[in-house]
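In the numbering used here, the protein residues as written are 23 to 303. Shown next, in structure tokens, is the structure this report addresses.
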Amino acid sequence: MNINLQSLIQASNELGAVYKTHHSTQNVVELVLNDESYVFINWTTPLNPQSISHLCLDNVFFYHFFQDSINMPKTAGYLYPFCDQKYLQYLKEKSYQEIVNSIENQFQYPLIVKNNRGSLGHFVFQVNDRQTLFSAIESIFNRNSKTFDYVALAQDYIDIKTEYRAVYLNGALIFAYEKNIENAIYDGNLSPLHWQGAKAILVHDKALLNQIARFCSSLFQKMMIPFCGLDVAIDKQGVWWLIEANSAPGFQHIINDGCQNEVIDLYKKMILFLEGKGAGF
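Shown next as structure tokens:
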């Protein structure tokens, strides 16, 4: 069973909520609350409408929707130049060379290049010159790769001091944890918690939690995302940035580093919210 759903089951048991598992993996959990069914599948929950989940999944769409509401790295998207004919109306750069030229006209080195709908830090490149930029674009648009994406992103590089995952339910910050790489070893994946020896450390400092909450509040003023994990970072000049939003956050790292009770409590709040008993947290 998915590690998220294990915590959901524990929360259901502690609250006496009725549930049923489906499929041999037990990775489909149905909660029955007030005679209504709510289905959780792997990391996904029934809280977010499909349009919001899609918005969080598509980094280009997310950036253009929220860029005036919260501080994010400048982002530009580039369509696969050899796309199907039905997408030609969206195509501007018709070769890798034109994509590289466009990126160099808009960004300075170093910069970040990644696929639009990636996860777990796969296909995220820090590029420092034209040659590595070209190679990164080729890697993302490799049709023989299982992780082929038809849109590549270019982003401003942020010199991050510390990165956090902030978990929100109905616009309320439930908990946050630091993606600590103090004693970790970089092994090719830029995502902090994929470094060898990285740790997820729960944030207890109320002043820091208040800083995170204040920074993220403008996003929810623009539009409510019922459930999400926000990757936020403070750079070495003390400026806060939203790096990414995840509408189906996983909790493996924070659970493995000893904080399953916080995740169980999150699911308790979620169950009560679905029952209509937990509007405020």
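Each residue gets a CB set at the ideal place from its N, CA and C atoms; glycine is no exception.
Bounding residues of the alpha helix (DSSP H) (the contiguous stretch that carries residue i)
i: histidine 76; result: 72-79
i: glutamate 297; result: 282-297
i: valine 122; result: 118-128
i: histidine 275; result: 274-278
Range of the contiguous beta strand (DSSP E) that encloses residue i
i: threonine 184; result: 182-191
i: lysine 42; result: 40-44
i: glutamine 148; result: 146-149
Exposed unless 16 or more other CB atoms sit within 10 angstroms - verdict on residue i
i: alanine 229; result: exposed
i: methionine 23; result: exposed
i: threonine 47; result: exposed
i: proline 95; result: buried
i: lysine 201; result: buried
i: histidine 226; result: exposed
i: glutamate 120; result: exposed
i: isoleucine 207; result: exposed
i: asparagine 138; result: buried
i: arginine 187; result: buried
i: proline 214; result: buried
i: leucine 110; result: exposed
i: histidine 45; result: exposed
i: glutamate 204; result: exposed
i: serine 117; result: exposed
Beta-bridge partners of residue i, as assigned by DSSP
i: tryptophan 262; result: Ile256
i: valine 61; result: Glu52
i: asparagine 137; result: Ala174
i: cysteine 105; result: DSSP lists no partner for cysteine 105.
i: isoleucine 207; result: Gln218
i: threonine 66; result: Ile63
i: cysteine 238; result: DSSP output for cysteine 238 lists no bridge partner at all.
i: asparagine 202; result: Lys221
Same chain only: Cβ atoms within 7 Å of residue i, ignoring 5 sequence neighbours per side
i: leucine 77; result: Phe83, Phe84 and Phe87
i: tryptophan 262; result: Asn93, Phe237, Val254 and Ile256
i: isoleucine 196; result: Val189, Tyr190, Leu288, Lys291 and Phe303
i: threonine 66; result: Ala270
Reduced DSSP category for residue i - H, G, I as helix; E, B as strand; rest coil
i: lysine 96; result: coil
i: phenylalanine 156; result: helix
i: phenylalanine 197; result: strand
i: valine 82; result: helix
i: leucine 113; result: coil
i: asparagine 164; result: coil
i: asparagine 268; result: strand
i: phenylalanine 249; result: strand
i: asparagine 24; result: coil
i: leucine 224; result: strand
i: leucine 37; result: helix
i: glutamine 32; result: helix
Cutoff 6 Å; reference residue i; Cβ partners in own chain excluding five residues on either side
i: tyrosine 112; result: Leu101
i: glutamate 1; result: This structure cannot speak to residue 1, because the chain is shown only from 23 to 303.
i: leucine 55; result: Leu296 and Glu297
i: isoleucine 247; result: Ile74
i: aspartate 209; result: Gln218
i: alanine 304; result: Limits of the chain in this structure are 23 at one end and 303 at the other, which puts residue 304 out of reach.
Cβ neighbours of residue i in the same chain (closer than 8 Å, five flanking residues each side left out)
i: aspartate 151; result: Tyr131
i: serine 161; result: Phe145, Phe147 and Ser167
i: glutamate 36; result: Ile286 and Lys290
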